[in-house]
Amino acid sequence: MSKHSLQFKEVSFLYKKGQKQNQDHILDSLSFEVDEGEFVSIIGPSGSGKTTLFRLITGLEQPVHGEILINGHSYSDRFGKVGYMPQQDLLMPWRTILTNAALPLEIKGIHKQEAHKQVIQLLHEFGLNGVENMYPGDLSGGMRQRVSFLRTVLSGSNVLLLDEPFSALDAITRLSMQEWLLEQWEKWKSTILFITHDVDEALFLSDRIFVFSEAPVQSLEEVVVPLKRPRAIRDIHSPEVIAVKEQLIEQLRKQVKS
Ligand code: ADP
Ligand code: MG
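As structure tokens, this is what we get:
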């Protein structure tokens, strides 16, 4: 039996008064599970609560009801239990690539020298050879995403949350980053949750795709991607995948409640 990396059990959430007028639930008794080693994409309308879901998993927000389990544990403090790559890259412009990437290790209390050693050992794998002493402003968008990704992976967690990581990249860079991410994931066997707006990206990368409705989200429509691995980008043009894509687009249309 496969183990779950992540479980939501009847989780409800709303933002408290004072921050915004909106007092409605974002999640309403939502339950779902993600298996160990799975790649799951999340797709849905803007403002439906996808980023909020990640903030709940990381412990930046707390559910008003229900339980969130990571690797089978219900932690009172989930902070640091998952690797989180937020929507905007949060690289600090005044820090070098090396010291940006080493940040999560330093926060964990690992000595600077040791932290830097660990980063340097991974630079090659992340296609970042020779950039360690540069600054974020010296790098292309794709390279900065690799640094952000390296930093997320250095959190040491087997569960990675990636919030639209490639949405700002041009089409060619995006494709090579998608291929690179799949290679890394297949090597590391981590569990990935990946928010995207791009149906083709979700189909190419994922085992399953969750479709969010407009808030409040009570349940997730789910699509299983009928492709074996390893995959090539042309695979998403096969008749089976095109049929799934049509189903997905139909579901997305239904989710926008007018
Ligand atoms: P998505 O990532 O799907 O676009 P979000 O999770 O960012 O959606 O937002 C879901 C809803 O919650 C939106 O209506 C948004 O305006 C609201 N929201 C997001 N963050 C906050 C916050 N810190 N305080 C109050 N409301 C928020
Ligand atoms: Mg978002």
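Those letters in the sequence shown? Residues 1 to 258, per the UniProt record's numbering, in order. Where is the CB? At the ideal position from N, CA and C, for every residue including glycine.
Between Ile236 and Val223, is the Cβ-Cβ spacing less than 8 Å?
no
Among Gly80, Ala171, Ser48, Glu179, which residue has its Cα nearest to the Cα of Gly127?
Nearest C-alpha to Gly127: Glu179.
Residue range of the alpha helix (DSSP H) that includes Thr191
Careful: Thr191 lies outside any alpha helix (DSSP H), inside the beta strand (DSSP E) at 191–195.
Hey, would you say Ile70 sits closer than 8 Å to Gly49, going by beta carbons?
no
Can you determine whether any heavy atom of the ligand MG sits closer than 7 Å to the C-beta of Gln88, and answer yes or no?
no
Residues near Ser12 by beta carbon distance below 7 Å, same chain, minus five either side
His25, Leu27, Asp28, Ser29, Pro63, Val64, His65, Gly66
Give every residue of the same chain whose Cβ lies closer than 7 Å to the Cβ of Gly141, excluding the five residues on either side of it in the sequence, and list them in chain order.
Counting only Cβ-Cβ distances below 7 Å, and skipping sequence neighbours, we find Ala168, Leu169, Thr173.
Ser74: buried (16+ other C-beta within 10 angstroms of its C-beta) or exposed?
exposed
What's the C-alpha gap between Tyr15 and Ser213?
18 Å
When you compare only the Cα positions, how much space is there between Ile68 and Ile107?
24 Å
Taking 7 Å as the cut-off, is the CB of Lys245 close to at least one heavy atom of the ligand MG?
Because no heavy atom of the ligand MG lies under 7 Å away, the Cβ of Lys245 does not count as near it: no.
Sorted by chain position, which residues of the same chain lie with C-beta nearer than 7 Å to Arg151's C-beta, five sequence neighbours on each side aside?
Asn100, Ala101, Leu103, Pro104
Could you give the distance in angstroms between the alpha-carbon of Pro239 and the alpha-carbon of Pro86?
In this structure, the CA atom of Pro239 is about 34 Å from the CA atom of Pro86.
Per DSSP, Asp35 forms a beta bridge with which residues?
His4
Look at the alpha carbon of Leu248 and the alpha carbon of Ile242, and state the distance between them as a whole number of angstroms.
10 Å
Check the C-beta distance from Ser206 over to Ser41 and give it rounded, since I have them as a contact under 8 Å.
Confirmed, about 4 Å.
Leu154, DSSP secondary structure in three states:
coil
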